[in-house]
Amino acid sequence: MERVFDLRWRVLRAPWNQPRGSEQDSLENTSRHIVAVTLEGDFWGVGRVHWNSPEEAQIRYMAVEPLHGGKGIGSRILQALETFARESGALRIVLNARETAVPFYCKWAYNDIAEAATLFGCLAHRRMEKPL
Ligand SMILES: CC(C)(COP(=O)(O)OP(=O)(O)OC[C@H]1O[C@@H](n2cnc3c(N)ncnc32)[C@H](O)[C@@H]1OP(=O)(O)O)[C@@H](O)C(=O)NCCC(=O)NCCS
């Protein structure tokens with residue numbers, strides 16, 4: 069998990085000067101984690117799903133190594149998280165997307181349903197939802 073946290077921190081927290089540790093929450097042990105790993109053992113992408121209720125799953129912490137963005141890694145992680153949530157009985161999946169990532173989730177049929185919290189005083193987010 070240290071390598072998962074390291075990739076999350078570098079992609080999702082360091083550019084906004086957030087401390088190590090801020091890339092984790094209290095749900096890590098009860099969540100499903102998906103990691104894209106090369107044959108050499110390098111971590112190129114990570115993502116996580118947890119449960120808000122038996123019907124509702126939530127994706128958090130999607131992060132792809134910037135050098136390897138745009139190669140389909142994020143899409144494959146997203147699909148694996150959705151498949152796991154669906155097979156575990158979730159009826160819908162939700163997430164809070166930073167505005168720059170909204171087109172990525174729209175491509176995968178997520179609906180933009182509401183404004184969500186702004187992170188670090190500057191990163192606007194949208195609440196997105198997809199029926200499974
Ligand atoms: C968002 C993110 C996970 C996408 O992963 P990725 O591996 O680059 O995405 P993929 O290559 O699987 O797919 C990208 C597809 O979405 C589209 N897209 C639209 N807007 C995009 C955006 N802002 N970022 C990435 N892809 C975007 C691309 O055009 C591409 O479609 P195509 O295959 O038809 O060309 C990755 O860019 C990332 O880690 N971004 C920084 C952190 C972040 O924003 N995480 C999400 C937090 S809510």
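Counting in this note's numbering, the sequence shown runs from 69 upward without gaps.
For each residue, glycine too, the CB sits at the ideal point set by N, CA and C.
- Not a single heavy atom of ligand 1 lies less than 7 Å from the C-beta of VAL105.
- Annotation: ARG194 to PHE172 spans about 12 Å, alpha carbon to alpha carbon.
- Within the segment 94-142, complete alpha helix (DSSP H) segments of at least 4 residues are not found at all.
- Per the coordinates, the alpha-carbon of ALA148 lies some 7 Å from the alpha-carbon of ILE102.
- Taking all protein chains in view, the Cβ of TRP176 is surrounded by fewer than 16 other Cβ atoms within 10 Å, so the residue is classified as exposed.
- Here VAL79 has ALA131, VAL132, GLU133, PRO134 as same chain residues with Cβ atoms under 8 Å from its own Cβ, once five neighbours each way along the sequence are excluded.
- When secondary structure is reduced to three states using DSSP, PRO83 falls in the helix class.
- Sequence-distant Cβ neighbours of ARG76 in its own chain, meaning closer than 7 Å and more than five residues away, are GLU91, VAL114, TYR129, ALA131.
- Partner residues in the beta bridge of ILE161, as assigned by DSSP, are ALA125, LYS198.
- The three-state secondary structure of ALA177, taken from DSSP, is coil.
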